[in-house]
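Take a look at the structure below.
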Amino acid sequence: VTGHPGIRFYAGAPLTLEEGVVLGSLAVIDTRPRNLDASQINALCTLAHQVVTEINLRMRLRESIGRENDLKRINDRLSQNESHLRMALRVSRLGAWWVDLGPEINARWSQDLYRIFELPEDYQPNVEEDIARFLPEYRPILANAFEQCMTHGTSYALDAEILTGKGNRIWVRTIGEAVRDASGKIYCVQGTMQDITQQRRIEETIRASEERFRLLARATNDVIWDWSFDTQRATWGGAHKKVLGYPELEG
Numbered sequence: 001v002t003g004h005p006g007i008r009f010y011a012g013a014p015l016t017l018e019e020g021v022v023l024g025s026l027a028v029i030d031t032r033p034r035n036l037d038a039s040q041i042n043a044l045c046t047l048a049h050q051v052v053t054e055i056n057l058r059m060r061l062r063e064s065i066g067r068e069n070d071l072k073r074i075n076d077r078l079s080q081n082e083s084h085l086r087m088a089l090r091v092s093r094l095g096a097w098w099v100d101l102g103p104e105i106n107a108r109w110s111q112d113l114y115r116i117f118e119l120p121e122d123y124q125p126n127v128e129e130d131i132a133r134f135l136p137e138y139r140p141i142l143a144n145a146f147e148q149c150m151t152h153g154t155s156y157a158l159d160a161e162i163l164t165g166k167g168n169r170i171w172v173r174t175i176g177e178a179v180r181d182a183s184g185k186i187y188c189v190q191g192t193m194q195d196i197t198q199q200r201r202i203e204e205t206i207r208a209s210e211e212r213f214r215l216l217a218r219a220t221n222d223v224i225w226d227w228s229f230d231t232q233r234a235t236w237g238g239a240h241k242k243v244l245g246y247p248e249l250e251g
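Under our numbering, the first residue of the sequence shown is numbered 1, with each subsequent residue one higher.
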């Protein structure tokens, strides 16, 4: 070689990654002719192997960091979703429960259910004790519904009153369903419970208002009617029969 840089000697060992990709070679060059003995060739190949090992380690580290970043983003998203779910459960006054049907029956509650029952979070749920928190008239109904769900997989929904840990009477809607394994065996009963006290109060207020309307309509000779924009129908008091001489009127 007569041109620049005047290389007269070259010896190289390939740099091959684990996947079989050849990156290039690790080489020694000189401007004077040389000969390598066996030990020098072996040293060059060993050095090339160390370089490939270092590159592979760095690539694995980069992939590991990438996976960790992906996992962190996934965990952050899950945490955000769980936070939104907990907020929605608190606003809707909704809690969840599970009863595992192993050798020993084990009951578990969500945090929101402790708030509904007004019990400390160190309380260990117990099926019999929890059913006993319902008012007496609802206990046999709920006990039978739970037994049917646990034994036959029959889902249920029940509106009932309970007595909380602080002695408050509230209305709840409890729903239960069976969970089966791949063979069809029931191994868990799970469900939700929602505080519907406010809803029941609203319904009671509406019923009381309707009853007052009926009493007023019967006590006066005025023709009273009420038009519903939702149903496009009219509700008539009883005086129209006497005043107008009409039979029962429909909207």
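Quick reminder that beta carbons are idealized off the backbone N, C-alpha and C, glycines included.
From this set, ASP122, TRP171, GLU203 and THR192, which residue's C-alpha is nearest ALA178's C-alpha? THR192
Cα-Cα separation, ARG173 to ASP159: 4 angstroms
What would DSSP say about GLY165, mapped onto helix, strand or coil? coil
Find the nearest neighbour of ILE105 within the set GLN40, ILE29 and GLN190, judged by alpha-carbon distance. GLN190
Grab me the residues of ARG180's own chain with a C-beta within less than 6 angstroms of its C-beta, minus the 5 sequence neighbours each way, in chain order. ILE186
Return the chain-ordered list of same chain residues with a C-beta closer than 7 angstroms to the C-beta of ARG169, the five sequence neighbours on each side being excluded. GLU161 and LEU163
CB contact flag (VAL51, LEU17, <8 angstroms): no
Taking 8 angstroms as the threshold (C-beta atoms), are ASP30 and ARG60 in contact? no
For VAL28 and HIS4, I'd like the C-alpha separation in whole angstroms. 17 angstroms
Smallest Cα separation from THR145: which of ARG58, GLY176 and ASP100? Note that residue 145 is Ala in the sequence shown here, rather than Thr. Looking at the Cα atoms, GLY176 is the closest of the given residues.
Could you tell me which residues DSSP puts in a beta bridge with PRO14? SER25
Can you list the alpha helix (DSSP H) stretches of 4 or more residues lying completely in the region 78–155, in chain order? 111–117, 127–131 and 139–152
Rank ASN75, TRP97 and LEU71 by C-alpha distance to the C-alpha of ALA107 and give the top, closest one. TRP97
For VAL179, write down the residues that DSSP places opposite it in a beta bridge. CYS188
DSSP state of ILE196 mapped onto helix, strand, coil: coil
Under a three-way DSSP split, which group does ASP37 fall into? coil
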